[in-house]
Amino acid sequence: MIDFLVLVKAFILGLVEGLTEFLPVSSTGHLILADHFLNFRQGVITKQVATTFEVVIQLGSILAVVVVFWKRLWSSVDFRKRNFTHSFNIFHIIIGIVPAGILGVLFQSDIKDKLFGPQTVVYALIAGGILMLVAELYSRKTVPTTVTMDELSYKQAFAIGLFQCLALWPGFSRSGSTIAGGLFVRASHQIAAEFSFIVAVPIMFGATALDLYKSAEYLSMDLWPVFAVGLVTAFLVALLAIVTFLKLVSRLKLIPFAIYRFVIAIILLLVFL
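Just so you know, we're using the numbering used here here: the sequence shown kicks off at 373 and counts up by one.
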């Protein structure tokens, strides 16, 4: 029988994951803090099960992106389109995921062994915040040349894909790095954010599927309520977070999120170092 308190902790972690996965604030940093204060990895929840749980709730966030952008994703694989040079399509997504996909496969073990931890996440939070500030200042000195998804070029998609490689460093933030990359190639905030979310789907699905395969032995039926609560919570909260962020990003810009990252970095330093 699962303790009710464990379900409450699963709900809170799902809430944190859903709120932060696609905002440029680092879900990893927030989950490290939440896990520390909740003491989730105790009792029936072992370290291995807790790690698997984090993979499961990440899947909830990914599914939220699929729901929000299902029309765009579906149209991108519609090969009835004849004009692949003047419309957003599957090749933009492929080009955007290739750099991070290759590096992720080659260095997955090293990333997990050496870059997951409070100290390295603090460095990533600060570095990512600085990148976002620089990208924001750059965007204020230029005029966006890409204000619709169909105007996004393959060259821009590849450049944003290179920036996505930074997100392999836990704490850097996938959305933060890719949105910053979009601003550097003169996409609008809205388009940079939308492409950031879309290009994250195949990368995160692949990484999550691999992690779930490796963690299959910990997906115990006895713990299905814990996984279900976390996944559903992350899915519903991520839906709200994505829609809200897309409405606000053009007005808020990246600076408030960069400052918030510095605050989280300081809290992590105080708690762990």
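Each residue gets a CB set at the ideal place from its N, CA and C atoms; glycine is no exception.
Proximity winner among the options, relative to residue i (alpha-carbon distances)
| i | options | result |
| --- | --- | --- |
| Leu-611 | Val-378, Lys-381 and Gly-386 | Gly-386 |
| Ile-551 | Phe-567, Cys-537 and Leu-540 | Phe-567 |
| Lys-443 | Ile-429, Arg-546, Asn-461 and Gly-578 | Asn-461 |
| Ser-459 | Ser-525, Trp-596 and Leu-603 | Ser-525 |
| Ile-575 | Leu-435, Leu-624, Asp-594 and Val-397 | Leu-435 |
| Ala-637 | Val-397, Thr-418 and Phe-530 | Val-397 |
| Trp-607 | Leu-497, Leu-595, Ile-429 and Asp-482 | The sequence as given places Phe at residue 607; Trp does not occur at that position. Checked all of Leu-497, Leu-595, Ile-429 and Asp-482; the closest Cα to Phe-607 is Ile-429. |
| Lys-419 | Thr-514, Leu-591 and Val-635 | Leu-591 |
| Ser-560 | Met-593, Ile-404, His-402 and Arg-623 | Arg-623 |
Outcome for residue i when other beta-carbon atoms lying within 10 angstroms are tallied against a minimum of 16
| i | result |
| --- | --- |
| Glu-508 | buried |
| Thr-517 | exposed |
| Arg-633 | buried |
| Asn-411 | exposed |
| Phe-463 | exposed |
| Phe-629 | buried |
| Ser-448 | buried |
| Val-388 | buried |
| Ile-467 | buried |
| Ala-588 | exposed |
| Val-609 | buried |
| Thr-514 | exposed |
| Ser-481 | exposed |
| Val-440 | buried |
| Ile-631 | exposed |
Between the CA atoms of residue j and residue i - distance to the nearest angstrom
| i | j | result |
| --- | --- | --- |
| Phe-425 | Ala-564 | 30 Å |
| Lys-486 | Phe-479 | 10 Å |
| Trp-541 | Leu-445 | 26 Å |
| Gly-533 | Phe-376 | 42 Å |
| Thr-423 | Leu-620 | 32 Å |
| Pro-471 | Asp-583 | 20 Å |
| Leu-626 | Phe-394 | 13 Å |
| Gln-528 | Val-557 | 6 Å |
| Phe-409 | Met-504 | 28 Å |
| Gly-548 | Cys-537 | 12 Å |
| Arg-512 | Ala-531 | 19 Å |
| Phe-535 | Ala-499 | 13 Å |
| Leu-618 | Arg-546 | 15 Å |
| Thr-616 | Ala-572 | 18 Å |
| Leu-595 | Ile-384 | 16 Å |
| Ile-639 | Pro-490 | 10 Å |
| Val-643 | Glu-523 | 45 Å |
| Ala-539 | Ile-483 | 11 Å |
| Val-477 | Thr-520 | 32 Å |
| Ile-502 | Ala-600 | 37 Å |
| Tyr-495 | Leu-641 | 10 Å |
| Gly-578 | Val-635 | 31 Å |
| Ile-614 | Gln-562 | 12 Å |
| Ile-404 | Leu-645 | 13 Å |
| Thr-392 | His-402 | 7 Å |
| Phe-488 | Leu-497 | 13 Å |
| Gly-553 | Met-593 | 42 Å |
| Phe-465 | Leu-475 | Checking the displayed sequence, the identity of residue 465 turns out to be Ile instead of Phe. Those two C-alpha atoms are separated by around 16 Å. |
| Arg-413 | Ile-469 | 33 Å |
Distance between beta carbons of residue j and residue i, contact taken as under 8 Å
| i | j | result |
| --- | --- | --- |
| Val-493 | Thr-400 | 6 Å |
| Tyr-510 | Leu-555 | 6 Å |
| Phe-569 | Val-437 | 5 Å |
| Gly-432 | Gly-390 | 7 Å |
| Ala-406 | Gly-602 | 12 Å between Cβ atoms; not a contact. |
| Thr-580 | Val-421 | Wrong, their Cβ atoms sit about 16 Å apart, outside the cutoff. |
| Val-598 | Val-378 | 6 Å |
Identity of the residues DSSP links to residue i by a beta bridge
| i | result |
| --- | --- |
| Ala-539 | Paired residue(s): none; Ala-539 is not in a bridge. |
| Thr-520 | Thr-520 is not bridged to any residue. |
| Ala-559 | Thr-518 |
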